[in-house]
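J.: Under the numbering used here, the residues of the sequence shown are numbered 935 to 1247, in order. Positions of the beta carbon are idealized from the N, C-alpha and C atoms, including for glycine. Please find one structure pasted underneath; my questions will follow.
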Amino acid sequence: MDRLLVMRSLVAVADTENFATAAELVMTSASSVSRHVASLEKHLGTRLVHRTARSVTLTEYGVRYSAFARRILAEIDEEDRNLTGLTSSVAGSLSIICPKWLGSLDLGDAVAAFSVRYPQIEIRLELGGVQDRAYAFVDSGFDVSFHTRPLRDSRMQLRRVTTLPFVLCASPGYLERRGQPASAGDLMEHDCLTHDHEQSWRLEIGGRRHVHRITRGAFTSNSYLALAKAAVHGRGIALLPVRAARDAVAAGELKTLFGGEHVHHRSLCAVHSPGARAPRKVGVLLDFVTQWFREHPMETVRDDAATGESHTA
């Protein structure tokens, strides 16, 4: 058993909760990832994952061992970079593309901080224009593409940077008129504000997963900031990134549903062109942005129903 290989497979499963998507991260087949996890379970003598026809979740031991594997792999990767000089000084130009909503929120802050830290690198950050085809950003002259969609081309190099939490929000006026949902099923009776014509919301409320089919789409936009404005004006319920909702919740213009619970999550990933090793400037950028998100975690936004006050935690 290749211990490092099975560790990488387990960490990928922990990040994606899906064998097929995990296989894309480690550039192998879903059946191979499943065998890797099974061989590790046999070696340790304990079950690490719960497998069902629809999902893969970690057991208590799986959570513990994946955290251990992540630390070991991170130390190995860091030492490899140190020995090969990937973290040495770099210069030149670096072109980055990402969806508008990512660049307008935390990712824009992270890239700006990177530019201050490495002034010798000339940054070009373009918002919007991200295409479905995996190689499109390379053909357009970009070094790195950030997105939150699954990567379907295993030839590309991908790094998971962080997890972006989402909350459901509506204005106090809307909730007074239409009532506050007490369960996921109650959303069927409400107007929904959707991003890029979403057909459904995959939610996790109270530890249970739900798929809410959008039947009352009242307003759609390719900008979460625009959806937040529509929600503030009382048009309906919006599923928003925490950062996009935070200021309006703090100002009392929006109220979070289900106690401010993070009801949806997306993985922020960085993709760059194929190759055995990323260019130095790309490796330094990805290291910096990953660390930036660790140091600037997303807050939970909550409402105090009794006092009407809102705060972050």
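Is Leu-1173 helix, strand or coil by DSSP?
T.: DSSP places Leu-1173 in strand when its eight states are reduced to three.
J.: Which term fits Met-935, buried or exposed, when burial requires 16 or more other beta carbons within 10 angstroms of its beta carbon?
T.: Met-935 should be labelled exposed.
J.: Exposed or buried, Lys-976, counting other C-beta atoms within 10 Å across all chains shown (16 or more means buried)?
T.: Exposed, since its Cβ has fewer than 16 Cβ neighbours within 10 Å.
J.: Can you grab the Cα-Cα spacing for the pair Val-1205 / Thr-1149, in whole Å?
T.: Near 34 Å, if we compare the C-alpha coordinates of Thr-1149 and Val-1205.
J.: Ends of the beta strand (DSSP E) at Ser-973?
T.: Run containing Ser-973: none in the beta strand (DSSP E); it sits in the alpha helix (DSSP H), 964–978.
J.: Is DSSP giving Glu-1138 helix, strand or coil here?
T.: The answer is strand: DSSP assigns Glu-1138 an E or B state.
J.: According to the Cβ coordinates, are Leu-1173 and Trp-1135 closer than 7 Å?
T.: It is a contact, given that the beta carbons lie within the stated cut-off.
J.: Thinking just about the alpha-carbon of each residue, which of Gly-1026, Thr-1082 and Val-1072 is nearest to the one in Pro-1175?
T.: The residue with the shortest Cα to Cα distance from Pro-1175 is Thr-1082.
J.: Can you have a look at Ser-1027 and say buried or exposed, based on whether 16 or more other CB atoms are within 10 angstroms of its CB?
T.: The residue in question, Ser-1027, is exposed, as its Cβ has fewer than 16 Cβ neighbours within 10 Å.
J.: On the DSSP bridge assignment, give the partners of Phe-1153 in chain order.
T.: BP columns for Phe-1153 point to Leu-1127.
J.: Could you say which of Ala-1184, Leu-1121, Val-1216 and Asp-1120 lies nearest to Pro-1076 if we only look at CA atoms?
T.: The sequence shown places Phe at residue 1076, rather than the Pro named in the question. For Phe-1076, the nearest C-alpha among the options comes from Val-1216.
J.: Where does Ser-989 fall in DSSP's three states?
T.: Note: Ser-989 maps to coil in three-state DSSP.
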